[in-house]
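**Student:**
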Amino acid sequence: MGTIKRLNKWANAHTYYPLDLIRVALGVFLFIKGVEFMTNHEQMAEVVRPFQEMPGGMILLHYIAPAHFVGGFLIVVGLLTRWAALAQIPILMGAVLTNFMGVMNTNNLVLATITLLVCIFFLFYGSGKHSADYYLKMQK
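Here it is in structure tokens:
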């Protein structure tokens, strides 16, 4: 717990608006992807096709879209950002692996890799000073 408090203090002291914009852009991107997966079942089935034969393959279909949808919203407002980013990491690792197990699509690989790295950054950085987490913390 001391490590998280230390990371929060560092993040609040070194917060910048460009980092908040990156956080919001990440959240909007994930939210849009969640909506896209919910509305286009064929695309979702195609994305998960390389993992169908693995145990729990059907669970992936029911985890990815809601995790992107809810996690994206939470990241945008800066509420539970670390938890939302943590929920995205297994999905994004699977997105990177999909390019190696299925058909290689360079654009999807680059997009998934960048999104994974940004999620890992916000897993450690947190939501920053301009977020709902910070506002709620200051209300105490």
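The numbers in the sequence shown follow our numbering, run straight up by one, and end at 728. Beta carbons: idealized from backbone N, C-alpha and C, even for Gly.
Might you give, ordered along the chain, the residues of its own chain that have their beta carbon closer than 8 Å to the beta carbon of H718, omitting 5 neighbours on each side?
**Tutor:** T603, Y605, D608 and G666
**Student:** Could you say which of V612, K597, T591 and G590 lies nearest to T703 if we only look at CA atoms?
**Tutor:** Of the candidates V612, K597, T591 and G590, the one whose C-alpha sits nearest the C-alpha of T703 is V612.
**Student:** Roughly how many whole angstroms lie between the Cα atoms of T576 and V684?
**Tutor:** Past the edges of the chain, shown from 589 to 728, lies residue 576, and the structure says nothing about it.
**Student:** Taking only the alpha-carbon atoms, compute the straight-line gap between T627 and W598 and give it to the nearest angstrom.
**Tutor:** 40 Å
**Student:** Hey, quick one: how far does the alpha helix (DSSP H) through R611 stretch, first residue to last?
**Tutor:** Y605 to T627
**Student:** Going by other Cβ atoms of all chains shown within 10 Å of its Cβ, with 16 needed for buried, is H650 buried or exposed?
**Tutor:** exposed
**Student:** Keeping to the same chain, check which residues put their C-beta closer than 8 Å to that of L662; ignore five residues upstream and five downstream.
**Tutor:** G615, L668, T669, W671 and A672
**Student:** At the level of alpha carbons, what is the spacing between E634 and V691?
**Tutor:** 11 Å
**Student:** Judging by CA-CA distance, which residue of M689, G590, L680 and L711 is the nearest neighbour of M642?
**Tutor:** With distances taken between Cα atoms, M642 lies closest to M689.
**Student:** Along the chain, where does the alpha helix (DSSP H) that runs through P678 open and close?
**Tutor:** T669 to M689
**Student:** Relative to the C-alpha of I708, which candidate in Q727, N695 and A675 has its C-alpha closest?
**Tutor:** A675
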